[in-house]
Every structure is written in C-alpha cells, then in structure tokens.
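Below is one structure; the comments refer to it alone.
There are 2 protein chains.
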Amino acid sequence: MTRTIFIYGLVLALAVFLLKTLEYRFLFRQLSAEIYIGIIGVLFTILGVWMGQKITRKKKVFVTPQAGEFRLNEKILSETGISKRQHEVLELMAKGLTNQEIADKLFVSLNTVKTHTANLFVKLDAKRRTQAIQRAKELQLIP
Amino acid sequence: MTRTIFIYGLVLALAVFLLKTLEYRFLFRQLSAEIYIGIIGVLFTILGVWMGQKITRKKKVFVTPQAGEFRLNEKILSETGISKRQHEVLELMAKGLTNQEIADKLFVSLNTVKTHTANLFVKLDAKRRTQAIQRAKELQLIP
DNA sequence: CTTCAAATCATCCTTTCGGGTGAGTGCTTT
DNA sequence: AAAGCACTCACCCGAAAGGATGATTTGAAG
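These protein sequence lines are chains G and D, in that order.
Mind the numbering: the first sequence is residues 21 to 163 in my numbering, read in order.
Mind the numbering: the second sequence is residues 21 to 163 in my numbering, read in order.
Structure representation (structure tokens):
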C-alpha cells in the first residue's frame with residue numbers, strides 16, 4: 021500500500037515535469053489544449069486503474085483468508101487453550117472419523133479420545149461434535 | 021461494463037470542456053501549469069480507481085465463484101440424486117443440529133429426519149453424519 | 001388410471017457419543 | 001520439592017445416532 025502510493029507520487033511528479041518540459045518545445049503550438057488535457061486524462065486514468073487494483077487486491081487477500089490455502093489461526097488457538105493433542109483429535113474428528121478410529125490412528129485408548137473431545141467441546145463451546153467442527157472452521161482452526 | 025466506459029467518456033469530455041473554459045478566464049494566469057496538470061492528474065486518477073474497481077469487481081463475480089459466497093453445485097446435486105428435502109436436512113445437519121432439532125425446525129417427526137439422513141448417507145457414501153458433512157462440502161452441496 | 005418417487009412416520013435393535021468422575025504419569029515452572 | 005498442566009486411561013450411564021424394514025400419502029409422469 022505505502023509503496024503503491026509512493027510509486028503513484030513518483031509517476032505524478034515525473035509526468036508533470038515531463039509534460040511541462042515538452043509543453044514549451046514541441047507540443048504546445050502543435051497540439052490544442054483539448055488534446056493535451058485528454059492525453060493527461062487518459063494517462064492518469066490508466067494509472068488510477070492500476071492503483072485501484074493494487075489496493076483492492078491487497079484488501080481481498082486480508083479479508084478472505086479461507087479462499088485458497090488454509091492457514092491456522094494460532095492466535096485463536098492459544099486463546100481457546102486448545103493443546104496440540106486436542107487439535108490433532110479435532111482434525112481427525114472433522115474428517116468424519118469415529119472416536120474409536122481416532123484412537124486407533126493416534127495409538128491411544130478410546131477413553132483418552134473421549135476425554136480429549138470432551139475438553140474440546142468445552143473450549144469450543146459446543147455440545148456435539150458436528151457443532152465443534154462448525155465452530156472450529158469458523159475460528160480457522162481446521163481447513 | 022459498457023455503461024462504465026460510457027460514463028467515463030462523458031466525464032472525460034465534460035472535464036476537458038470545463039477546464040478549457042475555465043482556462044482562459046480565471047486559472048491560467050493565476051495558477052501555474054504544474055498545479056493545473058496536477059489537478060487534472062489527481063482527478064483522473066480518482067476516476068481511474070473508480071473505473072478499475074467497477075471492471076474488476078464484475079470480473080471477480082464471474083471468474084471466482086467459490087471465493088467468498090457459496091454457489092450450490094446443482095450438477096452434482098442431481099447426479100447424487102439428493103432431493104430438496106434431503107438437502108434441507110443436510111444443511112441443518114452441517115450446522116451442528118441434532119436430528120431432533122432438525123425435526124422440530126422442519127415440523128416433521130424424528131423418524132422422518134432419521135430416514136432422510138439414512139438416505140443421505142447412502143447417496144453421499146458416508147457412514148456417519150460428520151463424514152456426510154465433509155463429503156457434502158467437497159461436492160459443494162453446502163457452504 | 002396406474003406407476004413411481006418423494007415424503008412422511010413407525011418399531012426394534014445396535015453402536016456411537018457425551019457427561020461426570022477419578023486417577024496415574026511425566027514434564028515444566030515456581 | 002511442590003504445584004500446574006497435558007496426556008493418559010477407566011467405569012458408569014443416558015442420550016443421540018444409525019441400520020433394517022414396513023407402511024401410508026401425495027403429486028407427478030406415463
């Protein structure tokens with residue numbers, strides 16, 4: 021953003037200087053003022069279009085984080101107090117695995133998984149696993 | 021798009037005319053050419069930004085359908101043979117509601133919802149509701 | 001009018017979830 | 001050393017989910 025504005029200012033200054041220099045040499049007597057203004061207008065319109073895209077494109081990158089690749093929101097992760105192990109369980113849960121399948125995959129007992137899920141539900145303020153998944157996606161804790 | 025270009029042309033012509041008229045009356049002797057050009061530049065830059073946004077905004081609507089808003093994939097919906105009612109149930113299921121809550125919301129019995137979910141699982145090739153939700157999202161049947 | 005699919009509801013039975021509670025181990029922080 | 005936390009596991013119990021099957025109604029298509 022800052023660089024975009026800087027470049028804009030640079031081009032603006034350059035254009036003013038350039039046109040001013042040319043004005044008294046070749047163009048002023050050969051071209052009418054209307055055409056002169058028109059050229060400037062078109063030039064800066066193009067510049068404006070370019071600038072506008074730069075600015076809005078960067079905005080869209082920040083506003084829509086779920087578009088494209090997933091990036092874990094570690095801030096919220098620490099805020100909710102979800103541990104690594106719990107996050108693992110959460111991911112497998114979201115894939116549609118049962119507690120037993122999760123237990124097998126993580127080489128722990130079913131009861132352990134149930135404890136993890138129970139703690140997850142509290143931290144995610146959910147009553148069911150489907151709700152927990154929904155919440156976790158909103159909070160960008162899972163893809 | 022066409023209207024945007026039309027408006028642009030209109031404003032361009034208007035500006036040229038306006039500035040040309042003013043030029044020989046008040047400004048030309050009072051303001052230096054640099055400032056004069058600068059004003060034109062800034063004006064048309066703003067115009068360019070506005071135009072660029074108009075154009076790219078319309079492009080984004082057509083080019084990136086899944087980024088941002090959700091658009092149902094009706095092709096897959098018909099391929100899987102999921103009915104309207106089943107799709108309703110699917111959406112509520114994905115929100116984390118229990119079968120009983122879905123039944124209350126749709127004014128049908130719990131058994132009816134269970135039948136719908138059972139049929140959904142077959143059509144989505146899922147064994148559990150969490151799996152069904154996962155599959156449905158992949159197939160763009162739900163947001 | 002018949003056929004068919006969708007939607008509705010039911011009953012029976014099994015599996016999975018989730019809540020509550022207690023407890024042992026190991027690592028880090030104080 | 002003691003406290004705190006994450007991780008582990010266990011048992012009990014009720015709620016929710018899921019499987020299988022049969023039945024009725026209704027609207028659309030043939």
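Note that beta-carbon positions come from the ideal geometry of N, C-alpha and C, so glycine has one too.
Just so we're clear, the structure is a prediction, and the values are computed from it rather than from any experiment.
The C-beta separation of residue 123 of chain G from residue 156 of chain G comes to about 19 Å, leaving the pair out of contact by the 8 Å criterion. A residue is called buried once 16 or more other Cβ atoms fall within 10 Å of its Cβ, and residue 91 of chain G, having fewer, is exposed. At a beta-carbon threshold of 7 Å, none of the residues of chain G lie near residue 162 of chain D; the nearest stands roughly 11 Å away. Residue 119 of chain D is not a Cβ neighbour of residue 104 of chain D, given a cutoff of 8 Å.
A distance of 8 Å or more separates the beta carbons of residue 162 of chain D and residue 150 of chain G. Where residue 109 of chain G is concerned, the enclosing alpha helix (DSSP H) starts and stops at 104-114.
Assigned with DSSP and collapsed to three states, residue 162 of chain G falls in coil, not helix or strand. For residue 125 of chain D, same chain residues with a beta-carbon under 8 Å away, outside a window of 5 residues either side, are 112 and 117 in chain order. Here the C-alpha atom of residue 99 of chain D lies approximately 33 Å from the C-alpha atom of residue 109 of chain G.
Between residue 102 of chain D and residue 143 of chain D a beta carbon distance of about 5 Å is seen, short of the 8 Å cut, so the two are scored as contacting. Proximity of chain G to residue 102 of chain D at the Cβ level (cut-off 8 Å) is not reached, the minimal Cβ distance being about 18 Å. Residues of the same chain with a CB within less than 7 Å of the CB of residue 146 of chain G, apart from the 5 flanking positions on each side, are 152 and 155 in chain order.
Between residue 120 of chain D and chain G, the shortest Cβ-Cβ separation is not below 8 Å. Per DSSP, reduced to three states, the secondary structure at residue 128 of chain G is coil, with no helix or strand assignment. Between the beta-carbon of residue 140 of chain G and that of residue 106 of chain G there is about 5 Å, and that keeps the pair under the 8 Å contact cut. Think of a sphere of 8 Å around the beta carbon of residue 154 of chain D: the chain G residues whose beta carbon falls inside it are 114, 115 and 116, in chain order. Note on geometry: alpha-carbon atoms of residue 159 of chain G and residue 128 of chain D lie some 32 Å from one another. Residues of the segment 122-152 of chain D whose Cβ lies closer than 9 Å to any Cβ of chain G, in chain order: 146, 147, 148, 149, 150, 151 and 152.
Annotation for residue 100 of chain D: the continuous alpha helix (DSSP H) segment containing it runs 94-100. Distance from the CA atom of residue 132 of chain D to the CA atom of residue 148 of chain G, rounded to whole angstroms, is 21 Å.
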